[in-house]
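Structure first, commentary second.
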Amino acid sequence: QGEPCGVYTLSCASGLRCVPPPRDHSPLQALLQGRGFCAKYTRMVPTERPHPPGPHPSHSSDIERQRHLHTCPEVMRSGAVLISSQAPCRKLLNSVLRGLELTIIQSDRDIYIPNCDTRGFYRKKQCRSSKGMQRGHCWCVDELGSPVPSRARDDGTLPCDARSSP
Numbered sequence: 001q002g003e004p005c006g007v008y009t010l011s012c013a014s015g016l017r018c019v020p021p022p023r024d025h026s027p028l029q030a031l032l033q034g035r036g037f038c039a040k041y042t043r044m045v046p047t048e049r050p051h052p053p054g055p056h057p058s059h060s061s062d063i064e065r066q067r068h069l070h071t072c073p074e075v076m077r078s079g080a081v082l083i084s085s086q087a088p089c090r091k092l093l094n095s096v097l098r099g100l101e102l103t104i105i106q107s108d109r110d111i112y113i114p115n116c117d118t119r120g121f122y123r124k125k126q127c128r129s130s131k132g133m134q135r136g137h138c139w140c141v142d143e144l145g146s147p148v149p150s151r152a153r154d155d156g157t158l159p160c161d162a163r164s165s166p
């Protein structure tokens with residue numbers, strides 16, 4: 001416990017897992033750079049964050065709220081937003097995570113972990129895992145995960161916003 005660790009270093013001892021430093025702004029980057037530390041494995045339970053008092057800007061009237069509830073199936077009557085386990089990216093992510101071991105060891109295996117937004121749909125840019133200091137292959141998709149035409153810039157970056165399509 002407390003030993004340094006990361007994605008490309010030795011695994012933590014049994015019963016421990018590699019975690020990023022507390023309040024790190026880029027936890028994935030910290031683990032990729034070996035700035036994590038071994039800690040006891042505890043199953044994390046999502047916590048509910050209460051909204052500040054007062055009306056939410058998007059719910060300015062009851063009519064507007066009812067329209068919003070009708071068009072967004074992820075929203076419950078209480079107004080709380082659910083992360084839909086049935087959203088396409090979330091379904092694939094859950095499947096991938098079930099298939100991976102709790103600790104990731106360095107290997108030549110190419111891993112694809114879908115990049116999901118908070119609603120469980122695909123983010124515009126998807127990438128395969130990096131190998132050492134070499135970046136993984138990236139491509140652009142729509143929110144359902146279907147590839148969309150894209151072209152890398154001269155500097156190697158891949159913009160996936162609407163303005164950059166060829």
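Numbering-wise, the UniProt record's numbering puts 81 at position 81 of the sequence shown, and it's gapless, one number per residue.
Built from N, CA and C at the ideal position, the CB exists for glycine as well.
Taken in chain order, the complete alpha helix (DSSP H) segments of 4 or more residues contained in the UniProt domain "Thyroglobulin type-1" (86 to 160) are 88 to 99. Beta-bridge partners assigned by DSSP to leucine 16: Lys40. Take the alpha-carbon of glycine 145 and the one of glycine 36: they are about 31 Å apart. Residue burial annotation: proline 20 is buried, with at least 16 other C-beta atoms found within 10 angstroms of its C-beta.
The bridge partners DSSP lists for proline 4 are Phe37. The C-beta distance from glycine 6 to leucine 31 rounds to 5 Å, short enough to meet the 8 Å contact threshold. Counting C-beta atoms within 10 angstroms of its own C-beta, lysine 40 has fewer than 16 neighbours from the protein chains shown and is therefore classed as exposed.
Comparing alpha-carbon positions, the option among Ser95, Ser150, His25, Pro88 lying closest to lysine 125 turns out to be Ser150. Excluding its 5 nearest sequence neighbours in each direction, valine 96 has C-beta neighbours in its own chain below 6 Å: Ile113, listed in chain order.
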